[in-house]
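According to the numbering used here, the sequence shown is numbered sequentially starting from 5.
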Amino acid sequence: MLLEGTIVSNIAVLVAAYFIGAFPQLLLMAKYHHIEPVGDLHHAIWKKAGPVWGLSASAIDVLKGIGTVWLARSLDFEIPIVVLAALAATCGQMWPVFKKFDGEKGNTTGFGAAANLAFWPAMICLTPVFLAIISKVIKAFRLKGVPREQRLRTGAGQSNALPLGVGVAFLVLPLAAYLLNESTAVVAGFAALFVLVMVRRLTAGLSADLATSFPRGQIFWSRLLLDRPIAAEA
């Protein structure tokens, strides 16, 4: 009976974690600002509603990950279940039931969960992201003839550095956790998180890319390294 109760509670916290991750604040913000709910809503909200709304949308996604880990820990679940809850919340953001299982890329919620699971490895993995952001900001402020507000909304256009930096960050995360002697469950969870992020990059809107005449290898590497659909550029 105790085992059955444990199984039920484990399943319950994982389902709750999924729905925390799937909470549709991006859809609500998009509706409020009359933004079509397609594509990367983080980017769309930032570009069309401004940096304050864009940052708020991303901050809520980060808090989903942080809050999920906090909830599982506060209910005294063992660390493997806490890690699985973190992954479930990330899956909820990637494949939310409220948006026909076509959500965001998991970066923000995944990072929030990782930071609450193992703070220092998460901070270390941010290094390539910070470098990419600095590069993008410098490029944006070097633009001539563009109003400051417009630079904040649109930056310097499409960036290769940022998606590469984010991908490297999630690759570094399990390595940093291992080197800092985090538990096996955390290291394995971070490795699984990296795989989830890459799977989402590769599969989000894939059918549109496969319908083009671009070589499959080009589609694969564009998505994997640059998080960029080919069809959007065609």
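Heads up, the beta-carbon is just placed ideally off N, CA and C, and yes, glycines get one too.
Integer-rounded CB distance, given that residue j should sit under 8 Å from residue i
i	j	result
Y22	A90	Contact flag wrong, Cβ pair sits at about 11 Å.
T216	I234	6 Å
T113	V172	The pair is not a contact, with the Cβ atoms about 19 Å apart (cut-off 8 Å).
L30	A61	6 Å
I49	G58	5 Å
V87	A195	The Cβ separation is near 11 Å, so there is no contact.
Residue from the options with nearest C-alpha to residue i
i	options	result
E82	W50, V17, A34, A235	V17
G43	G209, V87, F218	G209
A122	A192, V170, L59	A192
A20	L175, V201, V73, R204	V73
S139	G116, L166, M127, A118	L166
I281	I85, V141, Y36	Residue 281 is absent from the structure shown; the chain starts at 5 and stops at 238.
S78	N120, A196, H37	N120
F27	F102, E40, K35, L88	F102
V176	A118, A34, K109, A53	A118
P125	L197, L183, F224, H38	L183
F174	K109, S226, H38	K109
M127	K104, F105, P100, A181	A181
C129	L197, V203, M33, A34	L197
Residue i versus residue j - alpha carbon distance
i	j	result
L228	A76	31 Å
G71	R232	29 Å
D80	V56	36 Å
C95	K143	33 Å
L214	N164	22 Å
P178	A136	20 Å
G69	R220	34 Å
L240	L45	Residue coverage of the chain in this structure runs from 5 to 238, which leaves residue 240 outside it and unanswerable.
M98	R205	10 Å
G107	F218	25 Å
E40	G25	21 Å
I223	N185	37 Å
G169	H37	30 Å
V133	F115	11 Å
V201	S211	18 Å
W225	V199	15 Å
N111	N14	25 Å
A53	F105	24 Å
L7	T131	Because the pLDDT of L7 is 45, which lies under 50, any placement of that residue in the model is unreliable, and the number read from its coordinates should be weighed accordingly. Going by the C-alpha atoms only, they are around 43 Å apart.
K51	P100	23 Å
K35	S187	42 Å
M33	V141	25 Å
H47	V203	20 Å
**OP:** Could you pull out every unbroken alpha helix (DSSP H) segment of at least 4 residues lying fully inside the stretch 51 to 130, listed in chain order?
**Re:** 55 to 78, 83 to 98, 111 to 121, 123 to 129
Original post:
Which runs of the alpha helix (DSSP H) spanning at least 4 residues fall entirely within the stretch 154 to 227, listed in chain order?
Top reply: Runs of the alpha helix (DSSP H) inside the stretch 154 to 227: 165 to 183, 188 to 207, 210 to 214.
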